[in-house]
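For reference, the structure is listed below as structure tokens.
Numbering (our numbering), first residue to last: 68 to 201.
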């Protein structure tokens, strides 16, 4: 019985794969909206590309952005531009350079994680930070 279990464990170990740099095919960024009440609108782009608009990122939702890596495993930077003001507050446009994470698949959980959240001091404004760094 012990030999059979050892053989099964060895077989499982041999067939288990781990991701390597060569497995990474995408640059991935995930933007989360953990607010309970704000639907967010923002612009984004890869490198010097055209700005695209996200018209509505609802409360409690996330959006993932991905781009295939080139043959050397590189991709341009990712930028997010947002009016930080909520409601009738004075508009404040801010552009962030977000770091992407290389990943085997273009999945939310594999990307660099960012949150847009209500500013803790100036409550009529939002801010963006990498998850775990605010």
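Positions of the beta carbon are idealized from the N, C-alpha and C atoms, including for glycine.
Worksheet item: Relative to the ligand SAM, is the shortest distance from any of its heavy atoms to the C-beta of residue 127 smaller than 8 Å?
Response: Ligands displayed in this structure: none; no statement on the ligand SAM is therefore possible.
Worksheet item: In chain order, what residues of the same chain lie with their CB nearer than 6 Å to the CB of residue 183, ignoring the 5 residues before and after it?
Response: 100, 107, 193, 195
Worksheet item: Is the Cβ-Cβ distance between residue 197 and residue 181 less than 9 Å?
Response: yes
Discussion item. Using the three-state DSSP reduction, which class does residue 176 fall into: helix, strand or coil?
Written reply: helix
Discussion item. Does residue 156 come out as helix, strand or coil in the three-state DSSP assignment?
Written reply: It is coil, neither helix nor strand.
Worksheet item: Alpha carbon to alpha carbon, how far is residue 168 from residue 178?
Response: 5 Å
Fill in: Exposure of residue 187, with buried meaning 16 or more beta-carbon neighbours within 10 Å
Looking at its Cβ environment, which holds fewer than 16 other Cβ atoms inside 10 Å, residue 187 is exposed.
Worksheet item: Out of curiosity, what's the CA-to-CA distance linking residue 122 and residue 104?
Response: Take the alpha-carbon of residue 122 and the one of residue 104: they are about 16 Å apart.
Worksheet item: Is the Cβ-Cβ distance between residue 113 and residue 93 less than 9 Å?
Response: no
Item to complete: In the DSSP assignment, find the unbroken beta strand (DSSP E) run with residue 151 in it and report its ends.
Response: Neither: residue 151 is in no beta strand (DSSP E) and is coded neither H nor E.
Fill in: residue 137 - partner residues in DSSP beta bridges
Listed as beta-bridge partners of residue 137 by DSSP are no residues whatsoever.
Discussion item. Can you list, in chain order, the residues of its chain with a C-beta nearer than 7 Å to that of residue 102? Leave out the 5 residues immediately preceding and following it.
Written reply: Cβ neighbours of residue 102 beyond the five flanking positions: 126, 184, 185.
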